[in-house]
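Enquirer:
Protein chains: 2
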Amino acid sequence: MALAERILTGDVRAAARLMRDIDDGFKSAVEELKILYPRTGNAFIIGITGPPGAGKSTLVDQLTAAYRRREMRVGIVAIDPTSPFTGGAILGDRIRMNRHADDDGVFIRSLATRGHLGGLSRSTGDVVNVMDAMGMDVIIIETVGVGQDEIDIVRMAHTTVVVMVPGLGDDIQAIKAGILEIGDVFVVNKADRADADRAVRELTVMLEMNPDKDQRWRPHVVKTEASRNRGIEELVQEIEAHRNYLHHSGAIRHFLEEKNARLFLELLKERLFAEVYGHIHVNGRFRKIVEGLVSREQDPYSAVEEILAEKFAAR
Amino acid sequence: MALAERILTGDVRAAARLMRDIDDGFKSAVEELKILYPRTGNAFIIGITGPPGAGKSTLVDQLTAAYRRREMRVGIVAIDPTSPFTGGAILGDRIRMNRHADDDGVFIRSLATRGHLGGLSRSTGDVVNVMDAMGMDVIIIETVGVGQDEIDIVRMAHTTVVVMVPGLGDDIQAIKAGILEIGDVFVVNKADRADADRAVRELTVMLEMNPDKDQRWRPHVVKTEASRNRGIEELVQEIEAHRNYLHHSGAIRHFLEEKNARLFLELLKERLFAEVYGHIHVNGRFRKIVEGLVSREQDPYSAVEEILAEKFAAR
Chain A
145 MALAERILTG DVRAAARLMR DIDDGFKSAV EELKILYPRT GNAFIIGITG PPGAGKSTLV
205 DQLTAAYRRR EMRVGIVAID PTSPFTGGAI LGDRIRMNRH ADDDGVFIRS LATRGHLGGL
265 SRSTGDVVNV MDAMGMDVII IETVGVGQDE IDIVRMAHTT VVVMVPGLGD DIQAIKAGIL
325 EIGDVFVVNK ADRADADRAV RELTVMLEMN PDKDQRWRPH VVKTEASRNR GIEELVQEIE
385 AHRNYLHHSG AIRHFLEEKN ARLFLELLKE RLFAEVYGHI HVNGRFRKIV EGLVSREQDP
445 YSAVEEILAE KFAAR
Chain B
145 MALAERILTG DVRAAARLMR DIDDGFKSAV EELKILYPRT GNAFIIGITG PPGAGKSTLV
205 DQLTAAYRRR EMRVGIVAID PTSPFTGGAI LGDRIRMNRH ADDDGVFIRS LATRGHLGGL
265 SRSTGDVVNV MDAMGMDVII IETVGVGQDE IDIVRMAHTT VVVMVPGLGD DIQAIKAGIL
325 EIGDVFVVNK ADRADADRAV RELTVMLEMN PDKDQRWRPH VVKTEASRNR GIEELVQEIE
385 AHRNYLHHSG AIRHFLEEKN ARLFLELLKE RLFAEVYGHI HVNGRFRKIV EGLVSREQDP
445 YSAVEEILAE KFAAR
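Chains as they are written, first to last, in the numbering used here: chain A, 145 to 459; chain B, 145 to 459.
1. Whose C-alpha, out of Gln-442/B, Leu-390/B, Asp-246/B, is nearest the C-alpha of Thr-304/B?
2. Would Gly-199/A pass as a contact of Lys-334/A if the rule is Cβ separation under 8 Å?
3. Would you please state the rounded distance, in angstroms, between the beta carbons of Asn-273/A and Tyr-181/A? I believe it to be under 8 Å.
4. Please go through the same chain and pick out, in chain order, the residues whose beta-carbon is closer than 7 Å to the beta-carbon of Asp-270/B, but skip the five residues on each side of it.
5. Tell me the DSSP bridge mates of Leu-255/A?
6. Might you give, ordered along the chain, the residues of its own chain that have their beta carbon closer than 7 Å to the beta carbon of His-386/A, omitting 5 neighbours on each side?
7. Any contact of the region 339-353 of chain A with the region 393-406 of chain A, i.e. 3+ C-beta pairs under 8 Å?
8. Could you list the residues in the region 192-204 of chain A with a C-beta less than 9 Å from some C-beta on chain B, going in chain order?
9. By the criterion of Cβ-Cβ separation under 8 Å, what are the contact partners of Arg-415/B in chain A?
10. Report yes or no: is there a C-beta of chain A within less than 8 Å of the C-beta of Phe-330/B?
11. Can you tell me whether DSSP reads Thr-153/A as helix, strand or coil?
12. With a threshold of 8 Å, are at least 3 pairs of Cβ atoms found where one atom belongs to the region 441-448 of chain B and the other to the region 406-418 of chain A?
13. Just the C-alpha distance for Ala-370/B and Val-306/B, rounded to the nearest angstrom, thanks.
14. If you reduce the DSSP assignment to three classes, tell me which class Gly-194/A lands in.
15. Quick one: using the 10 Å Cβ neighbour count with 16 as the cut-off for buried, is Asn-427/B buried or exposed?
16. List the residues of chain A that Pro-444/B touches, going by C-beta distances under 7 Å, in chain order.
17. Cα-Cα, which of Val-204/A, Ile-424/A, Ala-405/A is closest to Ala-440/B?
18. Going by other Cβ atoms of all chains shown within 10 Å of its Cβ, with 16 needed for buried, is Gln-381/B buried or exposed?
19. CB-CB under 7 Å to Lys-367/B, same chain, minus the five flanking residues each way: which ones, in chain order?
20. What is the DSSP secondary structure of Ile-234/B, reduced to helix, strand or coil?
21. Measure from the alpha carbon of Thr-287/A to the alpha carbon of each residue in Arg-337/A, Met-275/A, Asp-224/A, then state which is nearest.
22. Return the first residue and the last residue of the beta strand (DSSP E) that Val-329/B is part of.
23. Give the single residue among Asp-248/A, Ile-189/A, Met-278/A, Ala-256/A whose Cα lies nearest to the Cα of Ala-148/A.
24. If we call anything under 8 Å between Cβ atoms a contact, is Met-280/B one with Gly-219/B?
25. Can you tell me which of Leu-203/B, Arg-266/B, Ser-267/B, Ala-209/B puts its alpha carbon nearest to the alpha carbon of Gly-249/B?
26. So, helix, strand or coil for Phe-456/A, using DSSP?
27. Taking any Cβ of chain B, which residues in the region 155-183 of chain A have a Cβ under 9 Å from it, in chain order?
28. Going by other Cβ atoms of all chains shown within 10 Å of its Cβ, with 16 needed for buried, is Tyr-221/A buried or exposed?
29. Cα-Cα, which of Gly-197/A, Thr-153/A, Arg-214/A, Leu-400/A is closest to Glu-377/A?
30. Any C-beta of chain A sitting closer than 8 Å to the C-beta of Glu-369/B?
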């Protein structure tokens, strides 16, 4: 039986296997994904992002528990910044998640930001599709939200939760990277800290000044203490409120169009490049081009034009 | 006279104009860049990166002054995270730079992380090439260093300076995103703060544990107080030490090959995509694909394969 069929019957090992195949860039994985695709679109996808150290992993852990209490199956895609230095810290995060390790209703997959084939948001999309087809009711994508890559990833979520901590609130620079625009729900975590209320106030003011956001949904700020499981129910309620808004307002349609267009274009870019990559490596050509670029005997613009002319010529 | 020729004679306005043309994706800009390319490769490129709020802009300002005292011409490429929210803060940074505004030996260009055509590191590379051809001796690229995009950008620099502040040092999560690996020189800025020495010690320990880095260059940590112009000469000396190392060790060769290969592939990807982009928009086809994806009647993998088959068929 094909992996895809086994996944549709709930085979968790088949799902894990397909995710590895996706990571390894196996062509067969694409065929499996084609079979799964019509069976996706049922899961509710939540993105969790915020600066490093905001306590996102603990929050994801508590959210998972909260959805499990509602008897919903939860998939988690954790995007791990890749750093040989901080392997310990990353491992620490993941170990914490282990309280769900024996729970059949929770499926966790970590993706590294580097070292896998293709674009990160495309592979995240593939993994989300597998979890969706597996019948996960809720899929949580956790990223360290600062770069454009990470922002692209959370834009895959129906509802994006931006997690902040007190003390970052007074440094307006900390939110430069545009994470305010992408948040549907805001969390001030570690709310036991002295300046938590000030952080909530400042965040609320900034959100009210936002001229661009859809006026029909005004994001609220929720205070949590994830490590003590405080504020989690309020957070779930805010997330569910946003989910209801999406469906009742019809905003879901525009969201899905935009998201599918983006993911499709990313896949197209990746496959286009794969198509040409082999071509430029014949007879050490790529090496020669690079040598020419370093010595400045060749300019990159002309070199690219030459390759395009060859691949697209004679049509 | 073509823009490129005017730029080679030192015409600053022509350079600014070409940079705008690059941003706007004008085809003529590529022709100008082809002319300029053989005249590049002389500038020394310094990347400055670090978390938001570390004081990078002030440090760049002081570094610029230090190189101007050495009678070197300085180009600055500031990568600004795009956020309608924090326009004020970004403007604030740039205003500070204005003390160099009347200095012919300084050329500043801001690039937004969003809203320009093509990949950010490709356009940064183009702008750096223009400055290089203009005869800038030193080019400083400043980015908020957290995402993969920003890391790709600073990898264009001969010497990368990672700027930290006290208080971030004790949060190992803050450096998850891999900026330690890319640093050739480390700065603890705002060194007047109480815990500065601890931050220096912690950073030094972490750097010593780094197993991957080229063993012939051990990065040092420099303390600065950029706002009071303290530690800047020491920083310049460290940067110059790394520059000497690159040339004397021969490491420069590998660096240039790797950098040119990367930039070439990025340009190739971008142009490949541009080639196909028009094709998929004929007769509302793209719209139909997206509709099919949303309704799940069409899967993205097959849709991409169809387009590739059309573009690359009959060869």
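Even for Gly, the Cβ is constructed at its ideal location relative to N, Cα and C.
Expert: Looking at the coordinates:
1. Leu-390/B
2. yes
3. 7 Å
4. Ile-166, Leu-177
5. Ile-223/A
6. Thr-303, Asp-328, Val-329, Trp-361
7. no
8. Pro-195, Pro-196, Gly-197, Ala-198
9. Val-448, Glu-449, Leu-452
10. no
11. coil
12. yes
13. 14 Å
14. strand
15. exposed
16. Leu-407, Phe-408, Leu-411
17. According to the sequence as given, residue 440/B is Arg; it is not Ala. Answer by Cα proximity: Ala-405/A.
18. exposed
19. Val-332, Ala-335, Ala-340, Val-344, Gly-375
20. Legend: pLDDT at Ile-234/B = 44, less than 50; position of this residue unreliable, value from coordinates given subsequently. In this structure, Ile-234/B counts as helix in the three-state DSSP scheme.
21. Asp-224/A
22. 329-332
23. Met-278/A
24. yes
25. Ala-209/B
26. helix
27. Val-174, Glu-175, Leu-177, Lys-178, Ile-179, Leu-180, Tyr-181, Pro-182, Arg-183
28. The displayed chain sequence assigns Val, not Tyr, to residue 221/A. With 16 or more other Cβ atoms within 10 Å, it is buried.
29. Arg-214/A
30. no
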